[in-house]
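Below is one structure, written out as structure tokens; comments come after it.
Residue numbers (UniProt numbering): 1 to 472.
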């Protein structure tokens, strides 16, 4: 088998592994193996790239600079950093890591575009156009993902908003498109400062696009930039005539786009609203006074009441991840199940800081998948629940989204926890949610607040139930 055929075969197999791995990631039961399968696909694609050095046919080596030593150093550095950071990252920091890795993918695509364009290696209008578009989208994904990481990590707490923001962003995008058209019109034969200005403005646009977005909408932002990165990688794969990059990029881009649509729907937003408005901003308009008061209850008393309930539904949120309370929560669940209490989990599509965050958190604790339900599958059951316990969730359980037209989150689908007979909310304090909106649930007649760190609260509930001894 000659090197060219071996390369093509390897890329075909790698592409198959990417697609098959992504398919398995669609279910919690097979997600772990899907990641492993896709990982082996990436290993194969990387190894196949070194096979170019075995092919004596120079025409079969498009745009390849075979600096093996530099490539191996980069691989060693990347593998070492990823292995170390992946091992030590806490579950609460997983969204930040996803944002960083996503940004690195976009940055890699932008770097490939820069090398191809500045080195005048791109031939043909189609290839040149895709190189320019890939570079633009990749650079935006890089800087935008870095801002998303900083917001998720608490390094940037505010938002950048001013009256002419949309005009500035629109003008900046128009300038970028004009420079890109200029590069294409001249067949890529322009001075290097033009490329430098193009990529610098693209990076600035990524920052300007992300800074106005509120932290509560970061799940949508992560998904959006994931789609951007995939699209950029696919374009650069075409430029390099690399089938594995093309297929992987298009798969990631399409999956990210679909996920963005689902996230936007879950927050009752259109894609246009996500892309072109200051979404995530809380309204300055008065939301009106909320009747009632927050009524505290001891964690042990709440635990005993759950022990004597028939049906308990748990609505987890980011506070559960912050407290690393998932293991103690599952211990509580098992105690309730031993007492013949029916227990289910209700997962909102944007619970946590990224799509699937709560599912991963519960899977880490060993919670069975058959008691974990998506919002649309369980929302009608809350009215039949004796007790609902909300742990660290806020905006996703706010009934104002259904009833208060002046609320910034009005129209957003939420978990119907307020319809249960009794609601316990585990919360560290009386602060507002990530979006800054006051939660009417906390003041409802059937709601009591269990203040404290979620893990300590779980421990108190467990001890209270164990003190009761056997018998239902």
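We treat Cβ as the ideally placed atom computed from N, Cα and C, and that holds for glycine.
Review point. Hey, residue 448 and residue 296: beta-carbon distance below 8 Å or not?
Key: Yes; because the gap between Cβ atoms is below 8 Å, this pair is in contact.
Check your understanding: Would you say residue 312 and residue 336 are within 8 Å of each other, going by their C-beta atoms?
Key -> yes
Exercise for review: Could you tell me which residues DSSP puts in a beta bridge with residue 331?
Suggested key: Looking at the DSSP assignment, residue 331 forms no beta bridge with any residue, so it has no partner.
Exercise for review: Measuring alpha carbon to alpha carbon, tell me which of 405, 304 and 14 ends up nearest residue 461.
Suggested key: The option with the nearest alpha carbon to residue 461 is 304.
Check your understanding: Which class does residue 260 belong to by DSSP, given the choice of helix, strand or coil?
Key -> Helix.
Review point. Buried or exposed: residue 199, going by 16 or more other Cβ atoms within 10 Å of its Cβ?
Key: Residue 199 is buried by the Cβ-count criterion.
Practice item. Could you check which residue in 410, 180, 208 and 428 has the C-alpha nearest to that of residue 164? Key: 208
**Study point:** Integer-rounded CB distance, given that residue 172 should sit under 8 Å from residue 205
**Key:** 5 Å
Review point. Just to confirm, are residue 225 and residue 106 a CB contact at a threshold of 8 Å?
Key: yes
Review point. Which residues mark the beginning and the end of the alpha helix (DSSP H) in which residue 301 is found?
Key: 299-307
Review point. How would you call residue 192, buried or exposed, if buried means at least 16 neighbouring beta carbons within 10 angstroms?
Key: exposed
Check your understanding: What do you reckon, are the CB atoms on residue 444 and residue 457 nearer than 8 Å?
Key -> no
Review point. Per the contact definition of three or more C-beta pairs closer than 8 Å, is the segment 76-96 in contact with the segment 170-188?
Key: Counting C-beta pairs with one atom in each stretch, the segment 170-188 and the segment 76-96 have fewer than three that are closer than 8 Å, which means they do not touch.
Point to revise | Residues bridged to residue 19 (per DSSP) | key: According to DSSP, which records beta bridges pairwise, residue 19 is partnered with nothing at all.
Review point. Would you call the segment 369-381 and the segment 334-351 touching, i.e. three or more CB-CB distances under 8 Å?
Key: yes
Check your understanding: Do you know offhand how far residue 333's Cα is from residue 87's?
Key -> Between the alpha carbons of residue 333 and residue 87 lies a distance of about 28 Å.
Practice item. For residue 258, count neighbouring C-beta atoms within 10 Å of its own C-beta (all shown protein chains included) and say buried if the count is 16 or more, exposed if not. Key: exposed
Check your understanding: With distances taken from CA atoms, which of 419, 343, 123 and 100 is nearest residue 183?
Key -> 123
Check your understanding: Taking C-beta to C-beta, are residue 244 and residue 11 nearer than 8 Å?
Key -> yes
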